[in-house]
Every structure is written in C-alpha cells, then in structure tokens.
Amino acid sequence: MIKHFIAGCFILLVCACGASRRDVIQSMKDNELVQEKNVNDYVFRLQYMPSDRGAGEDTSLVYFRLNVANNAGAPMKGTSDLSYSYGLDTLFSLVNMTDTICAVDITRVANGTVNGVEYMLVFDRAKVYAQPDCKLLFRDWLFTHQFISFPLKGSAIAHIDSLSLKI
Numbered sequence: 313m314i315k316h317f318i319a320g321c322f323i324l325l326v327c328a329c330g331a332s333r334r335d336v337i338q339s340m341k342d343n344e345l346v347q348e349k350n351v352n353d354y355v356f357r358l359q360y361m362p363s364d365r366g367a368g369e370d371t372s373l374v375y376f377r378l379n380v381a382n383n384a385g386a387p388m389k390g391t392s393d394l395s396y397s398y399g400l401d402t403l404f405s406l407v408n409m410t411d412t413i414c415a416v417d418i419t420r421v422a423n424g425t426v427n428g429v430e431y432m433l434v435f436d437r438a439k440v441y442a443q444p445d446c447k448l449l450f451r452d453w454l455f456t457h458q459f460i461s462f463p464l465k466g467s468a469i470a471h472i473d474s475l476s477l478k479i
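Using the working numbering, the first residue of the sequence shown is number 313, and each one after it goes up by one.
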C-alpha cells in the first residue's frame with residue numbers, strides 16, 4: 313500500500329513538473345519575452361532565458377538570447393569578420409524614459425548554423441527588475457544599419473523567474 317502511495321506521489325510530481333515547464337513557456341510568449349522582428353532580409357528573434365537557480369549559478373545576472381538569421385535561409389557571408397564577435401557591448405542596452413542600462417557582457421554563441429548568428433546578452437538583474445517598462449535597444453551596425461527595439465517589462469521577467477524556480 314505504501315509503495316503504491318509513493319509511486320502515485322512520484323507520478324504526480326513528474327506531471328506537475330512537466331506542466332510547470334509548459335506554463336513557463338506559455339507565460340514567456342504571453343509576456344512578450346519571446347519576440348521576433350523582420351527587418352529587411354533578416355529575422356531577429358529575442359528570447360529571455362529564465363534562471364533555474366541551480367547550484368553554482370550566478371543569480372545576479374539576467375540572460376537574453378538574440379538570434380539573427382537570413383530571411384531567405386541562404387548562408388550569411390562575412391560573419392567571420394571580427395566586428396561580428398568583438399566590441400558588441402556598445403551595440404546593446406536597456407532604455408526607459410530616464411535611464412540607460414549598459415550590458416554587462418555580450419558574447420557570440422557558436423550555434424553551428426551558417427545562415428545566422430546568435431548572441432548571449434547579459435544584464436544586471438537588479439537593474440532590469442527596477443525597470444517597469446523598457447526597451448532592449450540593438451544599434452544594428454552589423455546587418456541592417458538601423459535601430460531595432462524590443463519592448464520588455466521588468467515585472468514580466470520577475471514573474472517568469474518566479475515560475476521557473478525549482479521547488
């Protein structure tokens with residue numbers, strides 16, 4: 313009897329964890345923490361990377377992933393140039409009415425695709441949480457030579473983080 317009870321609790325726990333993950337993904341879409349913009353022949357896809365607050369993880373930082381792909385699916389030429397990998401921290405910032413928050417670090421991620429590049433954007437968590445409404449601004453001097461902005465809410469990021477905590 314006790315074995316059946318423990319097995320039932322385990323199954324319930326596994327099902328609850330699966331539902332929680334779906335809830336996090338759906339909530340990210342609802343709160344616009346996964347956004348896609350088409351500019352010229354490029355697709356810019358910004359995604360917030362929620363923290364699972366695992367052992368050894370730095371909880372003072374917030375991570376975003378920006379994927380830039382060629383709309384036609386053709387290989388992007390010239391992305392091996394050093395300007396696509398270095399000095400990127402000046403291209404990204406969080407902007408609201410009164411303040412501009414510079415990125416802590418921007419790193420090009422080796423994702424193995426030939427028709428795009430991917431960047432990991434890192435910001436200070438306390439400063440992002442303090443922003444009720446802001447925009448992630450990408451001064452795109454690499455692909456389209458335009459300013460590209462993604463609207464964000466600090467409260468939405470805090471909400472997603474609370475959903476993704478492993479209890």
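By construction, the Cβ of each residue, glycine as well, lies at the ideal position given by its N, Cα and C atoms. Owing to the predicted nature of the structure, the values given are computational and were not obtained by experimental measurement.
query: My parser needs the beta strand (DSSP E) runs of 3 or more residues fully inside the segment 443-471; what are they?; result: 446-452, 458-464
query: Give the C-beta separation of F435 and L449 to the nearest angstrom, bearing in mind that I take them to be a contact with Cβ-Cβ under 8 Å.; result: Rounded, the Cβ-Cβ distance is 12 Å, inconsistent with contact.
query: Spatial neighbours of K439 within its chain, please: CB distance less than 7 Å, with the 5 preceding and 5 following residues excluded, ordered by chain position.; result: I413
query: With DSSP run on the structure shown, which of helix, strand or coil describes S397?; result: coil
query: With a Cβ-Cβ cutoff of 9 Å, do G390 and Y396 count as a contact?; result: yes
query: Looking at the unbroken alpha helix (DSSP H) that takes in V485, where does it start and where does it end?; result: Because the chain spans 313 through 479 in this model, residue 485 falls outside it and cannot be assessed.
query: Can you grab the Cα-Cα spacing for the pair D411 / N382, in whole Å?; result: 32 Å
query: Looking at the structure shown, is T402 part of a helix, part of a strand, or coil, going by DSSP?; result: helix
query: Checking 9 Å against the spacing of the C-beta atoms, do P387 and N427 come in under that value?; result: yes
query: Looking only at its chain, what residues have a beta carbon closer than 6 Å to the beta carbon of S467, apart from the 5 residues adjacent to it on each side?; result: none
query: What is the DSSP secondary structure of T412, counted as helix, strand or coil?; result: strand
query: So, using beta-carbon positions, are F404 and R451 closer together than 9 Å?; result: yes
query: Should Y360 go down as buried or exposed, given a rule of 16 or more other Cβ atoms within 10 Å for buried?; result: buried
query: Could you give the residue range of the beta strand (DSSP E) that holds M361?; result: 354-361
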